[in-house]
Amino acid sequence: MGDMANSSIEFHPKPQQQREAPHAGGFGCTLAELRSLMELRGAEALQKIQEAYGDVGGLCRRLKTSPTEGLADNTNDLEKRRQIYGQNFIPPKQPKTFLQLVWEALQDVTLIILEVAAIVSLGLSFYAPPGEESEDLLPADGVLIQGNDLKLDESSLTGESDHVRKSADKDPMLLSGTHVMEGSGRMVVTAVGVNSQTGIIFTLLGAGGEEEEKKDKKGKQQDGAMESSQTKAKKQDGAVAMEMQPLKSAEGGEMEEREKKKANVPKKEKSVLQGKLTKLAVQIGKAGLVMSAITVIILVLYFVIETFVVDGRAWLAECTPVYVQYFVKFFIIGVTVLVVAVPEGLPLAVTISLAYSVKKMMKDNNLVRHLDACETMGNATAICSDKTGTLTTNRMTVVQSYLGDTHYKEVPAPNALTPKILDLLVHAISINSAYTTKILPPEKEGALPRQVGNKTECALLGFVLDLKRDFQPVREQIPEDKLYKVYTFNSVRKSMSTAIRMPDGGFRLFSKGASEILLKKCTNILNSNGELRGFRPRDRDDMVKKIIEPMACDGLRTICIAYRDFSAGQEPDWDDENEVVGDLTCIAVVGIEDPVRPEVPEAIRKCQRAGITVRMVTGDNINTARAIAAKCGIIQPGEDFLCLEGKEFNRRIRNEKGEIEQERLDKVWPKLRVLARSSPTDKHTLVKGIIDSTTGEQRQVVAVTGDGTNDGPALKKADVGFAMGIAGTDVAKEASDIILTDDNFTSIVKAVMWGRNVYDSISKFLQFQLTVNVVAVIVAFTGACITQDSPLKAVQMLWVNLIMDTFASLALATEPPTESLLLRKPYGRDKPLISRTMMKNILGHAVYQLTIIFTLLFVGELFFDIDSGRNAPLHSPPSEHYTIIFNTFVMMQLFNEINARKIHGERNVFDGIFSNPIFCTIVLGTFAIQIVIVQFGGKPFSCSPLSTEQWLWCLFVGVGELVWGQVIATIPTSQLKCLKEAGHGPGKDEMTDEELAEGEEEIDHAERELRRGQILWFRGLNRIQTQIRVVKAFRSSLYEGLEKPESKTSIHNFMATPEFLINDYTHNIPLIDDTDVDENEERLRAPPPPSPNQNNNAIDSGIYLTTHVTKSATSSAFSSSPGSPLHSMETSL
């Protein structure tokens, strides 16, 4: 990285923002001009500066600033600039106040029902809070005026790890958020704050909202003046930069309007689980309300008929207070039934489960920023992962080597090598690499050593360390100033050579470089004894075939290390590099790669078993990406899948106007496994396309990893965005839902486990809670109707419902996840919360408990030989009879809590019970408190102390729950066709406007089908016309005969205006669907060249198709004339 103290940029500030006058405030540049200027790169930016301002000096004059002195310290001038161009500050997103959070919490449907019940009951009661960076961070956008060997790390914005050379005559554009790695320079600031490139991205992610609002109010006339980056296609480093745009479907240009409407609707963050729980709570609330109303009506009617009809009493004025007391009692019983019916522990269970999971996930290197992301991850069906640092270690390493006539597939033992070879190798690597490249001790204990400098050289130095030798003593013996001649590495020579003077007065030249280049310059090679052996062209071909090609097939970059001795008195002409770097002796050929993390293949296997498709999206070349994907297990030999480059991916998903069509995308993404040479926009397009797709049975839930600022939109669009904690930028972290603190793919698998565990924990609690509710409601209802009194008193119900259920939610929601969670497919958005197996358990246990309770209610006094508690007077003392019923009810719930630990019909309900100490503590604690309530609760709890024998009977009936659970598990769920599931996700017809804003369009189903029919009809017509024209052209050999079909018959006539144009090649006929591409390619093309991967044609065809199309499309020396039918057909395909 060089001496960081010397890396600097002098700033000549010129801040930015609101007003957009032709020459704002007397300055020669408007905000819109400067913003659009900073969107350009390289030669295009230079051309724009020259056209608009003459040169950078002209720009400085327009902005009234000095290229050497900067701005004068004039307060009024600075304030004026702030007013016009804004200040260098990105306003943070406003946090919600405490009261706003409380208000949002109170919107829960369950709580609303309980709040109403509480108000009614209350009314009745009145009646009776970074690592330091050594580089210079650019705080604003600007144009370079003058620079000295300036190199920047733009990875935070572009994702590319290679340093970018900046110069005033080639690429003068400097962007905020990038780091100066080498050199120094002076720049004029052109954009700050929300108008800088980093600020614009932050604004897209929701920060700086206030600033944007102000701008919207002040300058609506800006829209015409400013050309949006979204609608411009611009070239970047010779490649087309794919700008963000809404996915176009073949349904026409209305999509844009919908996108705008959607953008204006606030996004209501409701997860899949929350949606299901809300729907379930509403259903339960309605059922409870009906039951409570029926209870009150029956009680009142029974009392009135018995008192005034059967007994024939008259309503006496002095008896009114007594009658009203009875009615109030009936109403309270009704409210009790309602409260009992509502599972008030549910919101708490969800919160506890999520909070507990989030806390535990921190230990698994998942820092959760949004609570619902934890649960959403359990439903994930697709993961789009980066390669570098996530699937791989992000450390270039020597993994294979050819030394002394032996091919080593791993690092050889030092004693396996001849001392001469080992010594030459260590010196060649230590001396012939930049002395700034080094390997430092790890920062933390147990971490890997730190690599500093060039990654390839770090790999070679690491190889020296792996051979149990050290490069530092060699460098100390021959310091950098003693090096006689250095030929630095560049892209032309593809090698680096360093000459040193030997003690005998001669010279030794060490050389390293790409094996295909350097081996041609070798005339000798060291054999196993370290002696020179002739190396002829035939030997070289042999080595290429047996050593280098197999390494390349494994995705390795091969590097040759060689040397040459010059005897004393024969000093060569050092300026004649070709002569000097020739007649070399090969020491070794090594294969380096960024190796796959050892734990990743197993993690990906777990994902695939769990029904999650893993896709690799990388900026690396397709061969390396494919090799790494094969090593990870993302692609398997014999599978039908696609590996595409970004260019080919865009060719397949866009029409001839350059617009993305969802229908085309739907043909690509299901088989796509590797997307190489991809831009961040390609990643966003892929993620949006998968999420918006309607081809599957249910919507895909997509997780995405990203580390660069440019990954922000994709992270934001994904259902769950994972940012890298180590390599990630602040923008990426801001856009993410979860931060991986170790940048490791395995941590994503842990997040899936925790997500599924949250879902299962809530299902377990529901199974337990609803059993309690069903039993309590039926007991309260029938008991009240038959005996005019509920066997379970209000305070007892409070204990069962509030305290026990709260503890139960804590016990069941803190169950740790197990590997078995990854053995099933994702539940999906439509899977009900309460499965048929759970419904069988709920109803089965309810039958057992109701049988016991009604038996005790009606014949209990005879069995225990005690006084009956039925039909007791209004203010009678607590009875043993009803105390036994209450105690038995609680014991059954306690043992059913153990049953509720399993929701998929497992028999062993005790499995892993001791791995959850919270569960054990709560069960035992609840039991102890129950003893205290029964024995010492007295009148407040309506309890009478029980004898030991009565306690044992209550316990015996409670343990019977475990036995009954085994009986229920024996009954096959498939036989119980009558059982219904409950707690489905909200249907499409029930979605609110806010939820529709998430991505579903409100189109009448019939209208959509009609439109789809039109599309198919037009597409069919289009295809037939195209084929007829091709046939005619071939028959008549009239090369000019291929015209474009009239726009009337083209489906693209129904599209919006083109927002993007691919100008790599021209279309003479409309694009045909992929199916036709495949058929015609077979006829028009010769078979592809044989590939080293014979097992998988899908990959090979994907890659071959890319190179072929590019060649045929861009080649000017095509055999047939440009207007020939063959040329037209090839190009359009």
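Mapping of the sequence shown onto this note's numbering: residues 1 to 1133, in sequence order.
A virtual CB, placed ideally from N, CA and C, is assigned to each residue, including glycine.
Given the structure is predicted, the values throughout are model-derived calculations rather than measurements.
Residue i to residue j, Cα distance in whole Å?
{"i": "T806", "j": "H875", "result": "31 Å"}
{"i": "C586", "j": "P816", "result": "57 Å"}
{"i": "L532", "j": "F489", "result": "27 Å"}
{"i": "N896", "j": "F886", "result": "15 Å"}
{"i": "E949", "j": "F956", "result": "10 Å"}
{"i": "V339", "j": "A727", "result": "51 Å"}
{"i": "R664", "j": "D372", "result": "32 Å"}
{"i": "V350", "j": "A813", "result": "8 Å"}
{"i": "Q935", "j": "N379", "result": "47 Å"}
{"i": "N621", "j": "G389", "result": "16 Å"}
{"i": "E443", "j": "I112", "result": "53 Å"}
{"i": "Q477", "j": "G404", "result": "26 Å"}
{"i": "G288", "j": "R699", "result": "33 Å"}
{"i": "A499", "j": "W574", "result": "10 Å"}
{"i": "K234", "j": "L40", "result": "With a pLDDT of 36 at K234, under the threshold of 50, the modelled position of that residue is not reliable, and the figure given next carries that caveat. Cα to Cα, K234 sits roughly 8 Å from L40."}
{"i": "K286", "j": "Q274", "result": "18 Å"}
Whose C-alpha, out of the options, is nearest the C-alpha of residue i?
{"i": "S761", "options": "E115, L354, G193 and E819", "result": "L354"}
{"i": "T618", "options": "G708, R540, I604 and I592", "result": "G708"}
{"i": "C374", "options": "D386, T388 and V358", "result": "V358"}
{"i": "E410", "options": "Y848, V180 and M551", "result": "M551"}
{"i": "H1135", "options": "D171, L157, V192 and I690", "result": "Past the boundaries of the shown model lies residue 1135; the chain is included only from 1 to 1133, so the question cannot be answered."}
{"i": "I298", "options": "M543, T787, A281 and S747", "result": "T787"}
{"i": "D136", "options": "G142, D153 and Q146", "result": "D153"}
{"i": "L460", "options": "K444, P479, A428 and P441", "result": "A428"}
{"i": "A718", "options": "V923, G696, C384 and L425", "result": "C384"}
{"i": "N1136", "options": "T437, G462 and K468", "result": "The chain is shown only over 1 to 1133; residue 1136 falls outside these bounds and no answer can be derived."}
{"i": "T888", "options": "I653, L584, V959 and L403", "result": "V959"}
{"i": "P595", "options": "P572, K48, A625 and E571", "result": "A625"}
{"i": "M892", "options": "S947, L952 and D911", "result": "L952"}
{"i": "F463", "options": "G312, Q107, Q83 and L422", "result": "L422"}
{"i": "H881", "options": "V328, I853 and D575", "result": "I853"}
{"i": "L348", "options": "T381, V581 and L106", "result": "L106"}
{"i": "M496", "options": "V580, T681, R538 and V310", "result": "V580"}
{"i": "G646", "options": "W669, W754 and L518", "result": "W669"}
Where do the ends of the beta strand (DSSP E) carrying residue i lie?
{"i": "H407", "result": "T406 to Y408"}
{"i": "E593", "result": "L584 to E593"}
{"i": "F1135", "result": "Because the chain is modelled from 1 through 1133, residue 1135 falls outside the range shown and cannot be assessed."}
{"i": "L367", "result": "N366 to V368"}
{"i": "I439", "result": "K438 to L440"}
{"i": "A72", "result": "That residue, A72, is in no beta strand (DSSP E); it is neither H nor E in DSSP."}
{"i": "T814", "result": "From DSSP, T814 is part of no beta strand (DSSP E); its letter is neither H nor E."}
{"i": "G142", "result": "D141 to D153"}
Hey, could you find the ends of the alpha helix (DSSP H) residue i is sitting in?
{"i": "D692", "result": "P680 to D692"}
{"i": "N899", "result": "E880 to N899"}
{"i": "F649", "result": "G646 to I653"}
{"i": "E457", "result": "K455 to D466"}
{"i": "L59", "result": "V56 to R62"}
{"i": "C522", "result": "Segment C522 to L526 is the beta strand (DSSP E) holding C522; no alpha helix (DSSP H) there."}
{"i": "M181", "result": "Run containing M181: none in the alpha helix (DSSP H); it sits in the beta strand (DSSP E), H179 to A191."}
{"i": "V324", "result": "T320 to A341"}
{"i": "L821", "result": "Neither: L821 is in no alpha helix (DSSP H) and is coded neither H nor E."}
If residue i sits next to residue j, beta carbons under 8 Å apart, how far is it from one beta carbon to the other, in whole angstroms?
{"i": "A568", "j": "D504", "result": "5 Å"}
{"i": "A588", "j": "R824", "result": "Actually they do not touch by this definition, with Cβ atoms about 50 Å apart."}
{"i": "I922", "j": "A780", "result": "So it is not a contact: roughly 25 Å between Cβ atoms."}
{"i": "A434", "j": "R615", "result": "The pair is not a contact, with the Cβ atoms about 36 Å apart (cut-off 8 Å)."}
Kindly indicate if chain D contains any beta-carbon less than 8 Å away from that of residue i.
{"i": "R564", "result": "Among the protein chains of the structure shown there is no chain D, as only one such chain exists."}
Enumerated in chain order, which unbroken segments of the beta strand (DSSP E) with a length of 3 residues or greater are wholly contained in the segment 551-588? Fully contained in the segment 551-588 are the following beta strand (DSSP E) runs of length 3 or more, in chain order: 557-566.
Starting from the N-terminal side, write out each stretch of the alpha helix (DSSP H) that is 4 residues or longer and does not extend beyond the segment 711-740. With a minimum length of 4 residues, the continuous alpha helix (DSSP H) runs that stay inside the segment 711-740 are 712-717 and 730-735.
Which ranges would you report for the alpha helix (DSSP H) in the segment 765-799 if only whole runs of at least 4 residues count? Counting whole runs of 4 or more residues, the segment 765-799 contains the alpha helix (DSSP H) stretches 794-798.
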